[in-house]
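The structure appears below as structure tokens.
Protein chains: 2
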Amino acid sequence: MRELKRQCTIHDIARRAGVSPSTVSRVLNQTSPVRPEKRRSVIEAVEALKYRPSIVAQGLARGRSPAVGVLVQDISSPFYSRILLGIEGRLVGTGLYPIFASGVEKRQTAQALQLLNDNRVGSMIVVGGRMFDADIIRMSARMPVVVVGRAIAGMEERCLRVENIEGGCRATRHLLDLGHRRIAHLTGVHNHPDAIDRREGYARALSERGIDVDPALIVTGDFEEISGLRGVEALVSDGVGFSAIFAGNDQMAYGAQLALHRHGLRVPQDVSLVGFDDLPHSTFTVPALTTIRQPTIAIGAAAVDALIGLLQGQPLCLPVFPTELVVRDSTAPFFG
Amino acid sequence: MRELKRQCTIHDIARRAGVSPSTVSRVLNQTSPVRPEKRRSVIEAVEALKYRPSIVAQGLARGRSPAVGVLVQDISSPFYSRILLGIEGRLVGTGLYPIFASGVEKRQTAQALQLLNDNRVGSMIVVGGRMFDADIIRMSARMPVVVVGRAIAGMEERCLRVENIEGGCRATRHLLDLGHRRIAHLTGVHNHPDAIDRREGYARALSERGIDVDPALIVTGDFEEISGLRGVEALVSDGVGFSAIFAGNDQMAYGAQLALHRHGLRVPQDVSLVGFDDLPHSTFTVPALTTIRQPTIAIGAAAVDALIGLLQGQPLCLPVFPTELVVRDSTAPFFG
DNA sequence: CTGTTAGCGCATTCAA
DNA sequence: TTGAATGCGCTAACAG
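Top to bottom, those sequences are chains X and U. Numbered according to the numbering used here, the first sequence spans residues 1 to 336. Numbered according to the numbering used here, the second sequence spans residues 1001 to 1336.
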């Protein structure tokens, strides 16, 4: 690897300001009072040379790193990337900064974790993912960890939660209010807590109205578009009658939308469709998607806030995020 | 910030293996021969203690960092995040790792650049963005820099290029081949080289067939969905006749699709639509989008390869990426 | 208040 | 081949 042109160091500043390196460090970190005149000359030198301390050296000297490891399932996922945006935005100006490592599959996860460990990150945010809980629990013994977009048995209190049950209820109630009775549900990843909760909300809303859950109306998906598409195809080819669909997330709703279109079923005239997440793109589907909004950016920001609290020794405090129905054009009243 | 439980260091390994720290370093970095028996006991100790060197300390000692600064306009953009995926994937196993910093707006850009500088990254990949060229040129004087998704005057040779003109041609020819003559074009960001090239391709294909470019058919967009939507609305409300649209990218095509739908224009029966990029989502639009594919993942990977070559002192070699027409369901023959 | 000293964890001379 | 010594850039403990 090529050598870089040497950046100026704390010694250069010290020399130019006529003080010792420690003094420079003191004014920069405000770690102990410094005579005003010296302070001024230090600041002057810093500005003149455009000096910026090396985070690397600081980390070594301080014995802790300002890096926050962000472990994410898929950096290009439309959902997770919104959370990352929230995390990154909130980190700016805090002195902390993120190191992203993505690991969709198990092997990648091990590498990702190793990368974060090699960097000696001082804290972690886990965003979704399917790695073994044990790995995360082990990390959380060594540093502050906050989890977003999944639940981990044994460290529930560190998992940021969204009102998924309530959200599933809202979605389903909306369809019920429109007169729909045969409402299909495309679930998310099997055993995923969010998927389970949303389905639970679906069932709850149905039972509120005294409607029995028809297992034939529930199709297992995996939160990806293609599973939504296949889910609808299964429904149609099995001859299951339905006038509405509650998809476990927006991406599955997109797939469902396409499948419906291919079968000549119009949204919302023939079938009403509700998603979950309110991804930015859902404003632009044809037709625009009615969905349950969860505040992704705010969720990412909250994870950072919680982490900072933890780093300062405060007790963990994670808000539970509400969901909100956003009515657009993919739902309409049912006309038998 | 809380202290972490101390990780084991090279000294711990040295002690356990009964050798000096230098020897441990030697076997780990294979920097000079070590007697087999010692080598073995070092390796044994490393595995027993699950030792991993601190990247931070290595960076300090070596005077260079294995971190690659990745400056990106928007980490949550469906297009750029694909490139990031390619970059990240290619970096795994190279000993290098990315530090992402996003800066959509000018002020954020300055902060992003500062973050990378504070981390003393040893190289950089710039992905899109609208910051002043000068900032990038300045960086490129100090370290290897490769640019993706934009062009910078004065360092063209470091900018990875895609056959945008040819792509624009392909898209337009496809529509011409289907019999369309009134083909509208939604351009990307004003002055953006990709946008200019795609438009150039559009014009070239038209002139090949002896068709004059009608300025009324060209609407300026900005690569975002909403601009595609507004572009179509402008076209319709201005009463401009057209039977096909070539959108400067897929996101604008999405917006166009919705606008067409809202005006009761069916795709592809009434209007054919072609995008550019082939985002993963384009398989799931209603109807599935015909588009020009560019190999985003491969582009990210190529940027990394080029960077590694540069770091090893090799001359820069950037491939020019081809584009490919992907025909799906948003285009159909023109029937006057 | 401030300079000097001593590491942080590692790579890299330099001798041996 | 290998250990001891030195330093990367910075912070922190310790005198003064």
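The C-beta atom is built at its ideal place from N, Cα and C for all residues, glycine as well.
When you compare the CB positions of Thr331/X and Gly248/X, do they come within less than 8 Å of one another, or not?
Locating residue 331/X in the first sequence gives position 331, counting from the first residue. Locating residue 248/X in the first sequence gives position 248, counting from the first residue. No, they are not a contact pair.
Can we say the region 57-65 of chain X touches the region 1069-1086 of chain U, given the rule of at least three CB pairs closer than 8 Å?
no
Say whether chain U places a C-beta atom closer than 8 Å to the C-beta of His11/X.
Taking the first residue of the first sequence as position 1, residue 11/X is located at position 11. No, because no Cβ of chain U sits closer than 8 Å to the Cβ of His11/X.
Which stretch, first to last residue, makes up the alpha helix (DSSP H) that contains Gly1228/U?
If you number the second sequence from 1, residue 1228/U lands on position 228. Here the alpha helix (DSSP H) through Gly1228/U covers 1225-1237.
Which same chain residues end up closer than 7 Å to Val1189/U when comparing Cβ atoms and leaving out the 5 residues on each side of it in sequence?
Sequence index remark: in the second sequence, residue 1189/U carries index 189 (1-based). Within the same chain, Val1189/U has close Cβ partners Ala1195, Asp1222, Phe1223.
Which residues in the same chain have their Cβ closer than 6 Å to the Cβ of Arg1064/U, if we skip the five residues on either side of it in sequence?
Translated into the one-based positions of the second sequence, residue 1064/U becomes position 64. Cβ neighbours of Arg1064/U beyond the five flanking positions: Gly1122.
Touching or not, the region 1128-1142 of chain U and the region 1160-1173 of chain U, by the rule of three or more beta carbon pairs under 8 Å?
Here the region 1128-1142 of chain U makes no contact with the region 1160-1173 of chain U; the two share fewer than three CB pairs at distances below 8 Å.
When you measure from the CB of Leu60/X to every non-hydrogen atom of the ligand ZN, does any distance come out below 7 Å?
By its list of ligands, the structure shown contains no ligand whatsoever, and the ligand ZN lies outside what it can speak to.
At a Cβ threshold of 8 Å, is His1281/U touching chain X?
Counting from 1 along the second sequence, the entry for residue 1281/U is found at position 281. Yes, its Cβ sits closer than 8 Å to a Cβ of chain X.
Near-chain X residues of the region 1282-1310 of chain U - C-beta to any C-beta below 8 Å:
If the cut-off is 8 Å between Cβ atoms, the region 1282-1310 of chain U has Thr1283, Phe1284, Thr1285, Val1286, Pro1287, Ala1288, Leu1310 near chain X.
Does DSSP put Glu3/X in a helix, in a strand, or in coil?
Locating residue 3/X in the first sequence gives position 3, where the first residue counts as 1. Bear in mind that the predicted position of Glu3/X carries a pLDDT of just 44, short of 50, making it unreliable; the figure below should be weighed with that in mind. Coil.
DSSP-derived helix/strand/coil call for Arg80/X:
Reading the first sequence from its first residue, position 80 is the one you call residue 80/X. Looking at the sequence shown, residue 80/X is not Arg but Tyr. Reduced to three states, the DSSP call for Tyr80/X is helix.
Helix, strand or coil at Gly163/X according to DSSP, with G and I counted as helix
Here residue 163/X refers to the residue found at position 163 of the first sequence. The sequence shown places Glu at residue 163/X, rather than the Gly named in the question. Coil.
Where Glu1105/U falls: helix, strand or coil (DSSP):
By 1-based counting over the second sequence, the position of residue 1105/U is 105. In the structure shown, Glu1105/U sits in coil (DSSP, three-state: anything other than H, G, I, E or B).
Rounded to a whole number of angstroms, what is the C-alpha to C-alpha distance between Leu1113/U and Val68/X?
The residue you call residue 1113/U lines up with position 113 of the second sequence. The residue you call residue 68/X lines up with position 68 of the first sequence. Counting only the Cα atoms, Val68/X lies some 18 Å from Leu1113/U.
Hey, is Gly65/X's beta-carbon within less than 8 Å of any beta-carbon in chain U?
Start at 1 with the first residue of the first sequence, and residue 65/X comes out as number 65. According to the sequence as given, residue 65/X is Ser; it is not Gly. So yes, Ser65/X belongs to the interface.
Nearest to Val1126/U (by Cα), restricted to the options Ala1234/U, Arg1039/U, Lys1038/U, Ile1299/U
Here residue 1126/U corresponds to residue number 126 of the second sequence, with the count starting at 1. Per the Cα distances, Ile1299/U.
Contact with chain U by Ser54/X, beta-carbon distance below 8 Å:
Mapped onto the first sequence, residue 54/X falls at position 54. Chain U, which has a Cβ nearer than 8 Å to the Cβ of Ser54/X, makes this yes.
Got a sec? Which residues, its chain only, sit under 8 Å from Arg266/X by beta carbon, not counting five neighbours each side?
Reading the first sequence from its first residue, position 266 is the one you call residue 266/X. Excluding sequence neighbours, Arg266/X sits near Leu260.
Among the residues of its own chain, which have a CB less than 6 Å from the CB of Val147/X, if the five just before and after it don't count?
To locate residue 147/X, count along the first sequence from 1; it is residue 147. Cβ neighbours of Val147/X beyond the five flanking positions: Val126, Arg158, Cys159.
Under a CB-based cut-off of 8 Å, is Met1/X close to chain U?
In the first sequence, residue 1/X corresponds to position 1, counting from 1. Residue confidence is low: Met1/X scores 43 on pLDDT, short of 50, so the model does not pin down where it sits. Its coordinate-derived value is still stated next. Closer than 8 Å: yes.
At which residues does the beta strand (DSSP E) containing Asp1133/U begin and terminate?
Reading the second sequence from its first residue, position 133 is the one you call residue 1133/U. Segment 1133-1142 is the alpha helix (DSSP H) holding Asp1133/U; no beta strand (DSSP E) there.
Would Ala45/X count as contacting chain U if we go by Cβ distances under 8 Å?
Along the first sequence, one-based indexing puts residue 45/X at 45. Answer no: the Cβ-Cβ gap between Ala45/X and chain U never drops below 8 Å.
Which first and last residues belong to the beta strand (DSSP E) in which Gly1069/U is found?
Reading the second sequence from its first residue, position 69 is the one you call residue 1069/U. Gly1069/U -> beta strand (DSSP E) spans 1067-1072.
Comparing the C-beta of Asn958/U with each C-beta of chain X, is any distance below 8 Å?
As shown, chain U starts at 1001 and ends at 1336. That puts residue 958/U outside it, with no answer to give.
Once DSSP output is grouped into helix, strand and coil, what is the label at His245/X?
Walking along the first sequence from the start, residue 245/X turns up at place 245. Reading off the sequence shown, one finds Ile at residue 245/X, where the question assumed His. Note: Ile245/X maps to strand in three-state DSSP.
Note down, in chain order, each residue of its chain lying with its Cβ closer than 8 Å to the Cβ of Ala1216/U, except the 5 sequence neighbours on either side.
As a first step, residue 1216/U must be located in the second sequence, where it is residue number 216. Here the set comprises Asp1238, Val1240.
Of all the residues that make up the region 73-87 of chain X, which are near chain U by a beta-carbon distance shorter than 7 Å?
Taking 7 Å as the Cβ-Cβ cut-off against chain U, the residues of the region 73-87 of chain X that qualify are Ile75, Ser76, Pro78, Ser81, Arg82, Leu84, Leu85.
Short CB-CB distance (under 8 Å) between Tyr202/X and chain U:
Reading the first sequence from its first residue, position 202 is the one you call residue 202/X. Chain U contact via Cβ: absent.
Determine the direct distance from the alpha carbon of Gly1128/U to that of Glu1105/U, and round the result to whole angstroms.
Position 105 of the second sequence, counted from the start, is the residue given in the question as residue 1105/U. Position 128 of the second sequence, counted from the start, is the residue given in the question as residue 1128/U. Straight across, the Cα-Cα distance linking Glu1105/U with Gly1128/U is about 12 Å.
Please classify Asp177/X: is it buried, with 16 or more other beta-carbons within 10 angstroms of its beta-carbon, or exposed?
In the first sequence, the residue the question calls residue 177/X occupies position 177. Here Asp177/X is exposed: its Cβ has fewer than 16 other Cβ atoms, across all protein chains shown, within 10 Å.
Which residue marks the beginning of the beta strand (DSSP E) containing His185/X, and which one marks its end?
What you label residue 185/X is simply residue 185 of the first sequence in a count that begins at 1. It spans 183-187 - the beta strand (DSSP E) in which His185/X sits, taken as one unbroken run.
Going by C-alpha to C-alpha distance, which of Gln73/X, Gln7/X, Phe100/X sits closest to Arg107/X?
Your numbering for residue 107/X matches position 107 in the first sequence. Of Gln73/X, Gln7/X, Phe100/X, the smallest CA-CA separation from Arg107/X is found for Gln73/X.
Rounded separation between Met1001/U and Leu1091/U - CA only:
What you label residue 1001/U is simply residue 1 of the second sequence in a count that begins at 1. What you label residue 1091/U is simply residue 91 of the second sequence in a count that begins at 1. Because the pLDDT of Met1001/U is 44, which lies under 50, any placement of that residue in the model is unreliable, and the number read from its coordinates should be weighed accordingly. Met1001/U and Leu1091/U have their alpha carbons spaced roughly 30 Å apart.
Considering only their Cβ atoms, is the gap separating Gln257/X from Ile277/X smaller than 8 Å?
The count along the first sequence starts at 1 and reaches residue 277/X at position 277. The count along the first sequence starts at 1 and reaches residue 257/X at position 257. Before going further, note that residue 277/X is Asp rather than Ile in the sequence given. Cβ distance not < 8 Å, so Asp277/X and Gln257/X don't count as in contact.
Name the two residues that bound the continuous beta strand (DSSP E) containing Thr1023/U.
One-based indexing of the second sequence puts residue 1023/U at position 23. From DSSP, Thr1023/U is part of no beta strand (DSSP E) but of the alpha helix (DSSP H) over 1021-1029.
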